[in-house]
Amino acid sequence: MPSRVTAGTAIVLMGVSGAGKSTIGELLATELNCSFLDADDFHPHSNKEKMSQGIPLTHEDRIPWLNLLRDKLWHHLISGNTVVLGCSSLQKSYRDILRSADPHPPPSTSCCCCHFVLLDATVDLLTRRLTERAKQGTHFMPPKLLQSQLDLLQIDPSEPILKVDASLPPPAIVSTIISAFLISSPGHRQPSCRPDFPQHTTSTAATIQ
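Take 961 as the starting number for the sequence shown in the numbering used here and just add one per residue.
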């Protein structure tokens, strides 16, 4: 039986490159019968060109891109639809831009209809994935930019972010996410959208030696 989450809900899969945002996002959206947005598809050519040359994006590069993603989320949320977004969302200020897509802003981020899930992976796993992807030539992001993303990753302890082990099989990851946001009354917005998440710790804050 298909699982349901609250109508007008965005689930944002966050994390550095190689965490599995696209793979998990597509599977999750299929399971929830909703749209999946891959943030990489919305980067302007200038951003993709910059990253392909091994140059990290600046704050100024990211803001217009994040604003566009916020607008995309808003259109889904205002229509009462569920949507899954795969987006790095490395800093709280970036996540707050996406949270502002909520058509009915709550008094605190713990009740926001934009839920964030950190796909947490070790540096070794991320490096292996990015190296393999580079060999296949399937992505514009080179492995050497991984450290710049790890350096930028910032999690505020007060944020309601669900952490999921990205080394788990994709179906297990999807099941974990759905269980965290499962509700019993489809179409009814929960008074508090924050599940009892485990205390956040992350292995992706490590430094590549």
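Don't be surprised by glycine CBs; every beta carbon is placed ideally from N, CA and C.
What's the C-alpha gap between residue i and residue j?
i, j, result
"I1115", "K981", "17 Å"
"S1144", "L1105", "Here the model assigns S1144 a pLDDT of 31, short of 50, so the residue's position is not dependable, and the following value carries that caveat. Between S1144 and L1105, the C-alpha separation is close to 42 Å."
"I1138", "V976", "21 Å"
"A979", "A1126", "6 Å"
"P1146", "S1135", "A caution first: P1146 carries a pLDDT of 40, below 50, which makes its placement in the model unreliable, though a value can still be read off. Each residue's alpha carbon lies about 18 Å from the other."
"Y1054", "V972", "12 Å"
"F1002", "P1130", "24 Å"
"N1027", "E1009", "20 Å"
"I1038", "L1058", "14 Å"
"D1062", "P1117", "21 Å"
"Q1096", "E986", "20 Å"
"L1079", "V1124", "5 Å"
"L992", "L1142", "11 Å"
Between which two residues does the alpha helix (DSSP H) harbouring residue i extend?
i, result
"S1006", "H1005 to S1012"
"H1035", "H1019 to I1038"
"S995", "From DSSP, S995 is part of no alpha helix (DSSP H) but of the beta strand (DSSP E) over S995 to D998."
"G985", "K981 to L992"
Residue i: buried (16+ other C-beta within 10 angstroms of its C-beta) or exposed?
i, result
"L913", "With the chain running from 961 to 1169 in the structure shown, residue 913 is simply not present."
"Q1013", "exposed"
"H1035", "exposed"
"E1119", "buried"
"A989", "buried"
"P1024", "exposed"
"D1084", "exposed"
"A1132", "exposed"
"H1075", "buried"
"T969", "buried"
Excluding the 5 residues flanking residue i on each side, which residues of the same chain have their C-beta closer than 6 Å to its C-beta?
i, result
"H1148", "Reliability fails at H1148, whose pLDDT of 34 lies under 50, so the model's placement of it is uncertain and the value that follows must be treated cautiously. The answer is none, since no qualifying residue turns up."
"D1021", "N1007"
"P1155", "Reliability fails at P1155, whose pLDDT of 42 lies under 50, so the model's placement of it is uncertain and the value that follows must be treated cautiously. Excluding residues within five positions, the ones whose Cβ falls inside 6 Å are A1140."
How far does the beta strand (DSSP E) with residue i in it extend, from its first residue to its last?
i, result
"D1125", "I1121 to D1125"
"L1105", "From DSSP, L1105 is part of no beta strand (DSSP E); its letter is neither H nor E."
"F1076", "C1074 to D1080"
Give every residue of the same chain whose Cβ lies closer than 7 Å to the Cβ of residue i, excluding the five residues on either side of it in the sequence, and list them in chain order.
i, result
"M1011", "L1017, F1100, M1101 and L1105"
"P1103", "T1087, L1090, T1091 and A1094"
Could you tell me whether the stretch 1043-1050 touches the stretch 996-1009, where touching means 3 or more Cβ pairs closer than 8 Å? In the pairwise beta carbon analysis, the stretch 1043-1050 is classified as touching the stretch 996-1009: at least three pairs are separated by under 8 Å.
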